[in-house]
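Residue numbers 176 to 1070, in my numbering, belong to the letters of the sequence shown in order. Beta carbons are placed, not taken as given, at the ideal position from N, Cα and C, and that holds for glycine.
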Amino acid sequence: MEGADKEKLGTFQSTEKVDLEVKNTTKEKSADPKSQKYPADPKIDFVLVYEVKEARQDAESEKERKSTREKFEENLVKIGLEVRNGPQLQKHNIDYRTRLITCPFHILCRQAELHQIRKPILHNDFFEKYHPMKKKIWCKLMKKLPDEVLHRINMMKYFYEDFKENKLESYFGADDRESFFTTAEKSRIIYDILLRTRFNDKEQKKIEFGIERLIQEEVYHACFPLHESLRQEIGDEKLEEMNDREVLRKYWTNFSNWNLTQPLDLVQKYFGSKVSFYFAWLGFYTQSLVYMAVIGTLFTFVGLFVAIFDVPSSQICDPNFGGKIYLCSLHQHVAGSRIRKFSDNCWYAKLSYVFDNPTTILLAIVTSIWATGFLEKWKRFYWRLKYRWQLLGHDEIDDLVRPQYQFKYLKNAPDINNPDDSQDYLISDLRLEKVLKMSCSYATAAFFVSSVLFLLEFRSCSYATAAFFVLLVIAALIGILVYQVIVGHLLAHFDYILSTMVISFTGALLNFIFIMCMSRLYRFTAYKLTEWECPMTQIEFDNQFAVKIFCFEFVNLYASIFYIAFFRGKFNGAPPTDPEDYDLGPDYWNGLRVFGVRTAECSQAGCMVELIIQLFVTMCGKQFFSLVMEILIPTCFRLYRTRSFQEKDDTLLPKDENSIVVENFLLNPYDEQHLFNEYLEMAVQFGFCAMFTATFPLTPVFALINNICEIRADSYKLLEVFQRPVALVSNGIGIWRTILDFISRFSVLINGLVIAFSSDLIPRMYHLLENNFSLETYWNVTLDALDTNLTEFRGRTPDNVTECYFRNDWKKIDHRWYVLMVLRLAFVLVFEHFVLAVKRILAWLIPEFPKKVSALVKYQNYRMKKDFMAKHGDVNVMHLAYQPGRENPKTVEYQ
């Protein structure tokens, strides 16, 4: 069974058979860089850009910037880098001048050894000796990449080890000095040098270092590595005549290849593991959505079928039943209009039952199991990628210390000339200050979160006017409430179904607009709070920022949905009477009021339709709106940069070198938080799928459509719209794995609560047990009658109608209400424990570390030892005790 699951991994995310299988390497085309026929790009590894204004007011400051810039570049030359002038561009009265950096090979070797960059040392004959299990199933929806792309970079062809300069000649490809280090590796090495190079040699100013600080102080305008050249018209040229960027554009970013597997190894080679891990995760998640999309569609068709035979909804649509029942008016905005019939809710009732039927329980269980299975299978896929991309030895502690942290704490060090004191100060820092700052940050986040939750229930908070965010929430929610009241009054004389749908959709749309606006504000607040905390490493910064922004977005996006699902209409009480002191009975309660006004209620057929509308508008609206904006805004900004900058003709650079620098400069600057925003968007989407698929089974379908477009859109932006990011090393998806695991667990509770408190399943099942499995009398116990002359909002009532009816679910606290409440809570308890037990068993059954990766690691160690002994002439007199896979060939097969 597990082997079959393994076979299905080659979808969306899969590249060159991500299962680590390699064909017979003797038949593969050579990946030697010397065999590549595409034109070589100029030898430029990095670009620095600075501004020169014609009439700068602060001449003294400009002189100081120039001096700092010269000193910084002088230190770069001392380190061994080659720095020369580049092309110049002009925008209005500002000149943008470039400095081109090239790193000599011996400096690359030195830094590669420092960064423990891994290089191929031995041929991998593992797959020649031990044959893995062959795939029998290939997803029909996906097309396999051409063999030329698969073999362009075959990382499983060799065994790797940490680079040692004294063993240079032992590595494969070392004879080609130009391509031995990839452009991504060069960018990582040079960027690290730029981060650590000082721009002031005075002993008292050792803290003045790093390109990032120079950019903050406007000494430089930007820095970036170069993209490879991109020819607009390639035609039918062979793959060997195309560079990596052109191959990626043809087989990765092209929207016509939406069903083509991603070339993940090539992405990792070009952009580094930080970017490639995101696309690997996104592809793997998209593949898993295929199964849930199919399951959700099937459950929707089942719901459409069973809705035909549903008795309660059919009674609502029956003119002889629902057509003769008049509903009590519950709000002032319908006063003066005709009183509504129960049959007016026919379509609402039928649509509700499509998504609110007994199969919903099964779908909720399947969804929870899917979320766990996806995360557990991702962990296994993650370990395969770590081995494939040579990251098994890379730990989070190897991450570089942020320059902002060093500057903040080194400047307060007791003795800056004593390196030991400075180092101790960096490690220990001010623990009490850090704890206090983090406490204040999370307290602020918790305050915003609790404020929004409180306001969604009571729609106002008179004592919270001191908080600006709370005021915004109050204004928005009250505005939506007033809007619904006004539109309801204007549409009171129109068709009931039409007016209700218009009110629901437009109200949800206004709420969506408010959500998008607050997202910007929350993001800014979370970023500033994290900057104030000043974490030591970039990983710590990203993790703390992710937790804060996810808390904000969680409430911002899900709060309105939770309100409709669990609170809307449940605290209004019985319909208001005239006179007010009329006693309906001891079991009825008057409910809660906000400024003496009843809050909004759901349709008499239930809240399920309103919940689905809110889900659809919030999820789909955010997804597709964000997708369009993600493409449109950067593209327009790039066109603006292209038109606003003019190239000056006083450069003496070769034409090819000049054009590629200008082309890269005119691309949009790459934001370091770009991938963070993408992860956040997908985490929120995963929350919708995990928590609300049981409510709206088509949720995975819309998520799948969005993600297919998202993969190509994100790759297009990185390859053709943004400047090339530095190829930073990442150890996976970081804190997002923990966040996704939290969503998976929390979704179990939400699914149970939605079924128990938002749907009619529990009341219907209880009625079935009480009435010999019949629902014919369901409305007899669910609806209560009231004299029309006693209702406060009478409306226009026919002469022969003396009674109106209202649902008593949350308005009549009698014996039946208590029994149902016990059953609801019991269902949540049983459902939660059962599903969590299944999730725990499933996680236990799926090992996190694949046996094949373990076998490869052991075999690599064995080959390394054997090679070492061979070099010392001991291989014939000593025996290596263990050869992995020899004793039990099954250990190399998929689990």
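Burial of Ala780 is indicated by the presence of at least 16 other C-beta atoms within 10 angstroms of its C-beta.
Residue pairing for Glu257: DSSP places it in a beta bridge opposite Thr277. Within the region 849 to 877, not a single complete beta strand (DSSP E) segment reaches 3 residues in length. With a beta-carbon spacing of about 59 Å, Val929 and Gly261 fall beyond the 8 Å limit used to define contacts. Your pair Gln490 and Trp911 does not check out as a contact, with CB atoms roughly 48 Å apart and the cut at 8 Å. Around the Cβ of Arg327, a 10 Å sphere holds 16 or more other Cβ atoms; the residue is buried.
A residue is called buried once 16 or more other Cβ atoms fall within 10 Å of its Cβ, and Ser819, having fewer, is exposed. With respect to the C-alpha of Glu728, the residue from Arg388, Cys692, Glu785 having the closest C-alpha is Cys692.
For Met794, same chain residues with a beta-carbon under 6 Å away, outside a window of 5 residues either side, are Phe863 in chain order.
The three-state reading of DSSP puts Asp989 in coil, since its state is none of H, G, I, E or B. Separation of Cys782 and Ser933 (C-alpha to C-alpha, rounded to the nearest whole angstrom) is 7 Å. Counting C-beta pairs closer than 8 Å gives fewer than three between the region 337 to 355 and the region 391 to 400, which falls short of the contact rule. Two segments are said to touch when three or more pairs of C-beta atoms, one from each, lie closer than 8 Å; by this definition the region 686 to 700 does not touch the region 555 to 562. About 14 Å separates the Cβ atoms of Leu550 and Leu1011, ruling out a contact at the 8 Å cut-off. The residues Arg274, Tyr395, Cys398, in chain order, have a CB closer than 6 Å to that of Leu223 in the same chain once the five nearest residues on each side in sequence are set aside. In the DSSP annotation of this structure, the continuous segment of the alpha helix (DSSP H) that includes Asp419 starts and ends at 419 to 423. Note that the C-beta distance between Ser488 and Tyr453 is not below 8 Å. If only uninterrupted alpha helix (DSSP H) runs of at least 4 residues are considered, those enclosed by the region 888 to 941 are 910 to 928. Between Ala455 and Trp992, the alpha-carbon positions lie close to 50 Å from each other. For Cys284 against Glu340, the beta-carbon gap comes to about 5 Å, under 8 Å, which counts as contact.
In terms of CA proximity to Asp989, Trp764 leads the group Pro844, Trp764, Ile390, Cys811.
With 16 or more neighbouring CB atoms inside 10 Å of its own CB, Tyr845 falls in the buried class.
DSSP places Asn955 within a helical segment (H, G or I) once states are collapsed to three. If you draw a straight line from the Cα of Ser242 to the Cα of Ser834, it comes to about 29 Å. Under the three-pair Cβ rule at 8 Å, the region 318 to 327 counts as touching the region 417 to 436. About 7 Å separates the CB atoms of Glu885 and Leu457; that is less than 8 Å, so the two are in contact.
In this structure, DSSP gives Phe399 an extended state, which the three-state scheme calls strand. With fewer than 16 other beta carbons inside 10 angstroms of its own, Asp962 counts as exposed. Judged by their CB atoms, Arg577 and Thr705 are not nearer to each other than the 8 Å cut-off.
At the C-beta level, Val1003 and Gly927 come within 8 Å of one another. Taking each of Phe921, Thr810, Phe877, Glu945 in turn and checking the Cα distance to Phe897, the smallest one comes out for Thr810. Under the DSSP assignment, Pro295 falls outside any alpha helix (DSSP H), being part of the beta strand (DSSP E) whose first and last residues are 293 to 298.
In this structure, Glu847 keeps its C-beta atom at 8 Å or more from the C-beta atom of Asp889.
Boundaries of the beta strand (DSSP E) harbouring Phe981: 978 to 982, taken from the DSSP string.
The shortest CA-to-CA distance from Phe338 to any of Phe302, Lys304, Gln286, Met331 is the one to Gln286. Counting along the chain, the unbroken beta strand (DSSP E) around Tyr225 starts and ends at 221 to 228.
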